[in-house]
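For reference, the structure discussed in these notes is given below.
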Amino acid sequence: MASEGKHIILEAKDLAIGYSSKREVTTVSEKINFSLNKGELVGLVGANGIGKSTLLRTLASMQSKINGEIFLKKKPLTSYSTLQLANQLSVVLTEAPASKNLTVLELVSLGRQPYTNWMGSLSPVDKKAINGALKATETEILTQRKCFELSDGQLQRVYIARALAQDTPLIILDEPTTHLDLYHRAYVLKLLKKLAVETRKSILFSTHEIDLAIQLSDKMLVMAPEGCYFDQPCNLIEAGRFDTLFPKETITFNTETGRFSIKK
Amino acid sequence: MERAFIYRSYFIVLFILLAATFLINVSLGSVSIPIDEVISGLFGGATSKESWQYILIDYRLPKAITAILTGSGLAVSGLLMQTMFRNPLAGPFVLGLSSGASLGVAVLILGASALGGFFGGVLVSQWSLVIASAIGTFLVLLAVLAVTFKIKDTMAILIIGLMFGSVTAAVVAVLSYFSNAEQLQQYIFWSFGSLGNQSWKSILILSICCFAGLLLSFLSSKSLNALLLGENYAKSMGLRIKRTTFLIIIATSILAGSITAFAGPIAFVGLAVPHLTRQVFTTSNHLVLLPAVLLCGSILMLICDTLAQLPFVEYTLPINAITSLIGAPVVIWLLVRKRKLLF
Numbered sequence: 184m185a186s187e188g189k190h191i192i193l194e195a196k197d198l199a200i201g202y203s204s205k206r207e208v209t210t211v212s213e214k215i216n217f218s219l220n221k222g223e224l225v226g227l228v229g230a231n232g233i234g235k236s237t238l239l240r241t242l243a244s245m246q247s248k249i250n251g252e253i254f255l256k257k258k259p260l261t262s263y264s265t266l267q268l269a270n271q272l273s274v275v276l277t278e279a280p281a282s283k284n285l286t287v288l289e290l291v292s293l294g295r296q297p298y299t300n301w302m303g304s305l306s307p308v309d310k311k312a313i314n315g316a317l318k319a320t321e322t323e324i325l326t327q328r329k330c331f332e333l334s335d336g337q338l339q340r341v342y343i344a345r346a347l348a349q350d351t352p353l354i355i356l357d358e359p360t361t362h363l364d365l366y367h368r369a370y371v372l373k374l375l376k377k378l379a380v381e382t383r384k385s386i387l388f389s390t391h392e393i394d395l396a397i398q399l400s401d402k403m404l405v406m407a408p409e410g411c412y413f414d415q416p417c418n419l420i421e422a423g424r425f426d427t428l429f430p431k432e433t434i435t436f437n438t439e440t441g442r443f444s445i446k447k
Numbered sequence: 039m040e041r042a043f044i045y046r047s048y049f050i051v052l053f054i055l056l057a058a059t060f061l062i063n064v065s066l067g068s069v070s071i072p073i074d075e076v077i078s079g080l081f082g083g084a085t086s087k088e089s090w091q092y093i094l095i096d097y098r099l100p101k102a103i104t105a106i107l108t109g110s111g112l113a114v115s116g117l118l119m120q121t122m123f124r125n126p127l128a129g130p131f132v133l134g135l136s137s138g139a140s141l142g143v144a145v146l147i148l149g150a151s152a153l154g155g156f157f158g159g160v161l162v163s164q165w166s167l168v169i170a171s172a173i174g175t176f177l178v179l180l181a182v183l184a185v186t187f188k189i190k191d192t193m194a195i196l197i198i199g200l201m202f203g204s205v206t207a208a209v210v211a212v213l214s215y216f217s218n219a220e221q222l223q224q225y226i227f228w229s230f231g232s233l234g235n236q237s238w239k240s241i242l243i244l245s246i247c248c249f250a251g252l253l254l255s256f257l258s259s260k261s262l263n264a265l266l267l268g269e270n271y272a273k274s275m276g277l278r279i280k281r282t283t284f285l286i287i288i289a290t291s292i293l294a295g296s297i298t299a300f301a302g303p304i305a306f307v308g309l310a311v312p313h314l315t316r317q318v319f320t321t322s323n324h325l326v327l328l329p330a331v332l333l334c335g336s337i338l339m340l341i342c343d344t345l346a347q348l349p350f351v352e353y354t355l356p357i358n359a360i361t362s363l364i365g366a367p368v369v370i371w372l373l374v375r376k377r378k379l380l381f
């Protein structure tokens, strides 16, 4: 697998994440090892409170790691300046943008900020990227609408469009399927898969839609109480990793169908 | 494309309105001067009465210019704060910046008596007034900011603003107990707020401060747009949060501080004008919003001042009262009609 090694975009080695204050260090999860190649879609699953968001925030350099190493394109994450990082990594967060008074076009255009001049004026290249992002997420018809007028499903597509307009090799999404109906959940994940295949972007997303993620992800990172496992979904199923996610008294994982069922 | 055209026409209308309100402002007052005499007087021509020339150039023109500077500066500082705190209720007065400025001035004017004599007299110059009030503003802003870093709660920030108001009132009360009548009077008159009686020299100082503050704001417009998405998103788009926040704080302190130093604490302009502007310019893009807010602030202040000087009557009402009388109902009306203030 020497050829694969060349295309590693993001890599974590013995990563420990958590929160540190002056008094104490709270480690949420440790010994996280994984690597994300070019054009791969990787799903991150785990129970509530296991540290999915903390991991994603750490990888996006929004909080500092406790221990271990993170490499972005072979260079330590900490060696990137804020602007350099904005050229490599875009995010879709669970928090809604503070202002919903922006039009969709304005919001998506903000994704071009790392490339624009001090006034933020858009060049033809910027406009092309914005149009491409709107098209890929099928949000062109919404451009003049205000964000507060949109449904959750539309909003999520718009946020993804903003991240796409930022035109980075790596996109990190924190629970992009929350608050969406079944159709939109499938739509968003299919969109991510399409983007990974067509644009060769590396996409890392966390989700609670484990069934859907198993079907679409190239690889998955499973955060269970005993530890973190990273592999292809079929291998993870065989190794019984999904069984360990939730307490067995309530939910069991059916390895044949790849689905969870409630224990009666 | 179409939107840009609409905004351009709005801007032309605003410029015409500004010119109109400016002319009305300088032509109305306790002494009535015919409009053609006003225009010829303003452009350096002769007026039929010597006194009219004097009234126009040395009283009404400085007052109108002060109104434009204070209106635009306060409105822009309100917009900066609403974006920085991502809170539609932020404004220099609500967040206690004006209280901070008052405290600075109170300490300077009333505290100077404690030092007494020659030294005290030297202290109370115009520049020191500006610096004291800018420092007061700056300190309050830092305190409010420190709280927002700890508590991400809209209400908490507003309560802090209120608390600063109370602390200021208390400190002023203590100081006034120890100061003499003359200084107390000086402070009380300052706190009523007034656009008049400014010398050309103080207008120059105010212009320099406002210009610096506005320039900083315009240079920050791209960062301000990024901040509309929240700090995490802004950072992910390459924004250096600390540097940006610092620049915005400096701009706000200079604007609100210098204006309060000269014109006294003026309420509601900073809060209401950005919201009024957003009713017309339905955008959050600061490249459009900043100049629009600037123009609307000037126009509103000129109107308020025209009302305050009560045409053909000897009295002049405190400007602070007029802006509150107009601003408070506007904010209530917006809240009731829109149910939610957007920013």
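So the sequences go chain by chain: A and B.
Using my numbering, read the first sequence as starting at 184 and increasing by one per residue.
Using my numbering, read the second sequence as starting at 39 and increasing by one per residue.
Beta carbons are placed, not taken as given, at the ideal position from N, Cα and C, and that holds for glycine.
Exposure label - residue i; buried when at least 16 CB within 10 Å
i	result
E421 of chain A	exposed
A84 of chain B	exposed
K260 of chain B	buried
N300 of chain A	exposed
K310 of chain A	exposed
P280 of chain A	buried
Q120 of chain B	buried
R240 of chain A	buried
P72 of chain B	exposed
A379 of chain A	buried
N17 of chain B	Summary: the structure shown does not reach residue 17 of chain B, with chain B confined to residues 39 through 381, and so no result is reported for it.
N448 of chain A	With chain A covering 184 to 447 only, the question about residue 448 of chain A has no answer from this structure.
F53 of chain B	exposed
I370 of chain B	exposed
A57 of chain B	exposed
F131 of chain B	buried
S171 of chain B	buried
N437 of chain A	exposed
I189 of chain B	exposed
K377 of chain A	exposed
Within 9 Å, strictly: CB atoms of residue i and residue j
i	j	result
Q339 of chain A	L317 of chain A	no
A344 of chain A	V274 of chain A	no
W238 of chain B	I147 of chain B	no
T382 of chain A	G276 of chain B	no
L328 of chain B	S274 of chain B	no
L242 of chain B	V178 of chain B	no
K235 of chain A	L227 of chain A	yes
L309 of chain B	L196 of chain B	no
V145 of chain B	S296 of chain B	no
K101 of chain B	Q236 of chain B	yes
A305 of chain B	G365 of chain B	yes
F123 of chain B	V182 of chain B	yes
I233 of chain A	L404 of chain A	no
For residue i, the nearest candidate out of the options (CA to CA)
i	options	result
N263 of chain B	B:E40, B:V368, B:I147, B:I279	B:I279
F49 of chain B	B:M122, B:L94, B:V318, B:F123	B:V318
T427 of chain A	A:S304, A:N216, A:P408	A:P408
N250 of chain A	A:L272, A:G201, A:L375	A:G201
V185 of chain B	B:G199, B:V368, B:S86, B:F381	B:G199
F449 of chain A	B:L345, B:T321, B:A150, B:I93	In this structure chain A extends from 184 to 447, so residue 449 of chain A is not present and cannot be described.
T360 of chain A	A:L372, A:D350, A:Q349	A:L372
R281 of chain B	B:I297, B:L257, B:A299, B:S245	B:L257
K431 of chain A	A:A369, A:A319, A:A230	A:A230
G410 of chain A	A:Q327, A:K205, A:R424	A:R424
F397 of chain A	A:V405, A:P416, A:V225, A:M406	Here residue 397 of chain A turns out to be Ile, not Phe, going by the sequence shown. Cα-wise, what sits closest to I397 of chain A is A:P416.
K447 of chain A	A:I434, A:H367, A:G441, A:E439	A:I434
L305 of chain A	A:A319, A:L288, A:T320	A:L288
Q271 of chain A	A:L347, A:L365, A:F436	A:L347
K329 of chain A	A:L276, A:K283, A:H367	A:K283
T326 of chain A	A:N314, A:T210, A:S204, A:P259	A:N314
Proximity test, residue i beta-carbon vs the ligand GDP heavy atom, cut-off 8 Å
i	result
E88 of chain B	Ligands are entirely absent from the displayed structure, and the ligand GDP is therefore not among its contents.
Check whether the stretch 338 to 352 of chain B and the stretch 59 to 78 of chain B are in contact - that is, three or more C-beta pairs closer than 8 Å.
yes
Using 8 Å as the Cβ pair cut-off and three pairs as the minimum, do the stretch 379 to 386 of chain A and the stretch 348 to 363 of chain A touch?
yes
Should the stretch 324 to 338 of chain B be called in touch with the stretch 108 to 120 of chain B, which here means at least 3 C-beta pairs below 8 Å?
yes
Residues within the stretch 253 to 270 of chain A neighbouring chain B, beta-carbon criterion of under 9 Å:
S264, T265, L266, Q267, L268, A269, N270
Tell me, please, whether the stretch 137 to 150 of chain B touches the stretch 284 to 303 of chain B by the rule of three or more beta-carbon pairs shorter than 8 Å.
yes
Can you find at least 3 beta carbon pairs, one from the stretch 240 to 260 of chain A and one from the stretch 191 to 198 of chain A, that sit closer than 8 Å?
yes
Sufficient close CB pairs (3 or more, under 8 Å) joining the stretch 236 to 247 of chain A to the stretch 209 to 229 of chain B:
no
contact_flag[the stretch 346 to 361 of chain B, the stretch 292 to 311 of chain B] where n(CB pairs < 8 Å) is 3 or more:
yes
Residues of the stretch 119 to 135 of chain B in Cβ contact with chain A at a cutoff of 7 Å, in chain order, please.
R124
Return the residues of the stretch 241 to 266 of chain B that lie within a Cβ-Cβ distance of less than 8 Å from chain A, sorted by chain order.
L257, S259, K260, N263, A264, L265, L266
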